[in-house]
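K.L.:
Numbering (the working numbering), first residue to last: 1134 to 1330.
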Amino acid sequence: MSNDHIPPTEDDAATPLTREERADLIPAYITLKQELNEAEQIGIDEADRWAFSRKRDVLSDAFLLGLHRRMFKDVWRWAGSYRKTERNIGVDHWLIAIELKQMLDDTRFWIDNHVYTSDEIAIRFHHRLVLIHPFPNGNGRHARLAADLLIVMLGGQRFSWGRASLISAGQTRQAYIAALRQADRYDVMPLLSFARS
């Protein structure tokens, strides 16, 4: 059965997929958005366990690509690959590798020079990763897991991210998107507060 009828988004904050990207869906049984979310969550949970099983170098583009691959490899053929198309959010696709390198360098500088608190470093890292939007989909979930790994690497506790699922278009997701938009305007404090709520 074709998966063209799977809605590409549930709200205007999700990244729409192209027809070609949707064609790269691996499980043939998926016909509903809920089934897609459930299949993706299985991979995300497995990647979470793997990522926290030992110390990881979060500040590596190879690690970030590998983390995305582990999260979505059983669902999408393009898992762990940079997007090749333009989006309604994110940098031009040809700038992704350059922007990621700059973000990783900036994050190392913030850590080495104690520019911000550990929480703020991890949240700025998260925001920049979402802003770059390197993958066709799964960017927010990937960036949240990466930020959790970074804050633990820095000696802190994982973030709670509003203590609710951010997949569906509910109040918690709206608060998250609003906080991201504030960070787009150079105010990361609402995102930091949300991450610890």
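We put the beta carbon where it would ideally sit given N, CA and C, even for glycine.
How far does the alpha helix (DSSP H) with VAL1263 in it extend, from its first residue to its last?
P.N.:
One-based indexing of the sequence shown puts residue 1263 at position 130. Note, VAL1263: alpha helix (DSSP H), 1251 to 1265.
K.L.:
When the Cα atoms are used, what is the spatial distance from HIS1256 to LEU1324?
P.N.:
As a working note, residue 1256 is residue 123 in the sequence shown. As a working note, residue 1324 is residue 191 in the sequence shown. The residue you asked about is not His; residue 1256 is Ile in the sequence shown. Cα-Cα distance, rounded: 7 angstroms.
K.L.:
Considering only C-alpha positions, which residue in the set ASN1272, ALA1161, ASP1225 is nearest to GLY1213?
P.N.:
Here the question's residue 1213 lines up with position 80 in the sequence shown. Comparing Cα-Cα distances from GLY1213 to each of ASN1272, ALA1161, ASP1225, the minimum goes to ASN1272.
K.L.:
Which residue from TRP1211, VAL1285, GLU1253, ALA1156 puts its Cα closest to that of ARG1187?
P.N.:
As a first step, residue 1187 is located in the sequence shown; it is residue number 54 there, counting from the start. The shortest C-alpha separation from ARG1187 is found at VAL1285.
K.L.:
Using CA atoms only, rank isn't needed, just tell me which of ALA1161, PHE1292, PHE1185, ILE1265 is closest to GLU1219.
P.N.:
Position 86 of the sequence shown, counted from the first residue, corresponds to residue 1219. The candidate whose alpha carbon is nearest that of GLU1219 is ILE1265.
K.L.:
Measuring CB to CB, does TRP1227 end up less than 9 angstroms from ARG1203?
P.N.:
In the sequence shown, the residue the question calls residue 1227 occupies position 94. In the sequence shown, the residue the question calls residue 1203 occupies position 70. No, the Cβ-Cβ distance between TRP1227 and ARG1203 is not below 9 angstroms.
K.L.:
Just to confirm my understanding: we take LYS1234, look at its own chain, exclude 5 residues before and 5 after, and list those with CB closer than 7 angstroms. What are they?
P.N.:
For the purposes of this step, residue 1234 is identified with residue 101 of the sequence shown, where counting begins at 1. Cβ neighbours of LYS1234 beyond the five flanking positions: ASP1194.
K.L.:
Should ILE1159 and ARG1210 be called a contact, given that it needs their Cβ atoms to be closer than 9 angstroms?
P.N.:
Indexing the sequence shown from 1 puts residue 1159 at position 26. Indexing the sequence shown from 1 puts residue 1210 at position 77. It is a contact, given that the beta carbons lie within the stated cut-off.
K.L.:
Check for me: the alpha helix (DSSP H) holding GLU1173 runs from which residue to which?
P.N.:
Translated into positions along the sequence shown, residue 1173 becomes position 40. Unbroken alpha helix (DSSP H) run through GLU1173: 1166 to 1184.
K.L.:
Do LEU1262 and ALA1280 count as a contact pair if the criterion is CB distance below 9 angstroms?
P.N.:
Position 147 of the sequence shown, counted from the start, is the residue given in the question as residue 1280. Position 129 of the sequence shown, counted from the start, is the residue given in the question as residue 1262. Yes, the pair counts as a contact, with Cβ atoms nearer than the cut-off.
K.L.:
With the cut-off set at 9 angstroms, would you say PRO1269 and ILE1229 are in Cβ contact?
P.N.:
For the purposes of this step, residue 1269 is identified with residue 136 of the sequence shown, where counting begins at 1. For the purposes of this step, residue 1229 is identified with residue 96 of the sequence shown, where counting begins at 1. No, they are not a contact pair.
K.L.:
By Cβ distance below 8 angstroms, which residues in the same chain neighbour LEU1287 in space, the five residues on each side in sequence not counted?
P.N.:
Here residue 1287 corresponds to residue number 154 of the sequence shown, with the count starting at 1. ILE1244, SER1251, ILE1254, ALA1255, listed in sequence order.
K.L.:
Can you give me the C-alpha to C-alpha distance between MET1236 and ARG1291, rounded to a whole angstrom?
P.N.:
The residue you call residue 1236 lines up with position 103 of the sequence shown. The residue you call residue 1291 lines up with position 158 of the sequence shown. Roughly 21 angstroms between the two C-alpha positions.
K.L.:
Does DSSP put TRP1294 in a helix, in a strand, or in coil?
P.N.:
By one-based count along the sequence shown, residue 1294 stands at place 161. TRP1294: helix per DSSP, three-state reduction.
K.L.:
For LEU1150, which of helix, strand or coil comes out of DSSP?
P.N.:
On the sequence shown, residue 1150 is found 17 positions in, with the first residue counted as 1. If DSSP states are grouped into helix, strand and coil, LEU1150 belongs with coil.
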